[in-house]
Structures are given as C-alpha cells and as structure tokens.
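Heads up, the thing below is written out as structure tokens.
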Amino acid sequence: MEVFVLILFVTCDDHYGHYTYVEDLKGVYGTFEEAKMEADKMVVENANTGWPYNGDKYHDFLRIIKMTLGDKKKEIVFDSSTFELDAPIYNEKH
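In this note's numbering, the protein residues as written are 12 to 105.
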C-alpha cells in the first residue's frame, strides 16, 4: 500500500551560525492528489508572510514523500524548494 507523506521542513538556528531543518509531519494521504492539494493550500496561505515555502536559504519548505508500507524505499514526488540546500535534511537513499 502506497501512502504520501506531507512534511514541512522548518529552519532551525543552533545559535552558532549553523542552520538545519526539523521535520514536521503535516499529514499522511492515500493519493498524491490529496497530498498535493493540501501542500498547495499551505503554500498559498504562507505566500504572503514574507517567508514563503520556497526553499530559499533559511526558508521552510514542503515535501511529499511517496512510501510503500513495509518497505524502506522513499521517493520525493513534490518539493517546494528551489534552492540547493546546504544542510542534510532527509536520507533519500533508504
């Protein structure tokens, strides 16, 4: 059974000038369309805050991860970021 996991990656500062991301589970959906609809809603709601979910340096961003229950394989099927991240956030090889 496939599920689509919506995760918000939240920027964190460790007070030493290092930035990383904390994962915040936003929901688990049965279809990509359901997960994408929620992600789109979150992106639109957050667009006018001055800190959009676009993945620019130190900005939060959203990802939808496709997972199969009982399997370790994960596949990123949506990513709101547009910036190459300088911090490890998710082990995509598992």
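In this text, a Cβ means the ideal position worked out from N, Cα and C, and glycines have one as well.
Keep in mind the model is a prediction, meaning the values are calculated, not measured.
The C-alpha of Y69 is placed about 7 Å away from the C-alpha of Y30. Distance from the CA atom of L80 to the CA atom of V14, rounded to whole angstroms, is 7 Å. For the 8 Å CB-CB criterion, S91 and V54 form a contact. Looking only at E45, D51, N57, the smallest Cα-Cα distance to K77 is reached by E45. With a 10 Å radius around the Cβ and a threshold of 16 neighbouring Cβ atoms, I87 comes out exposed.
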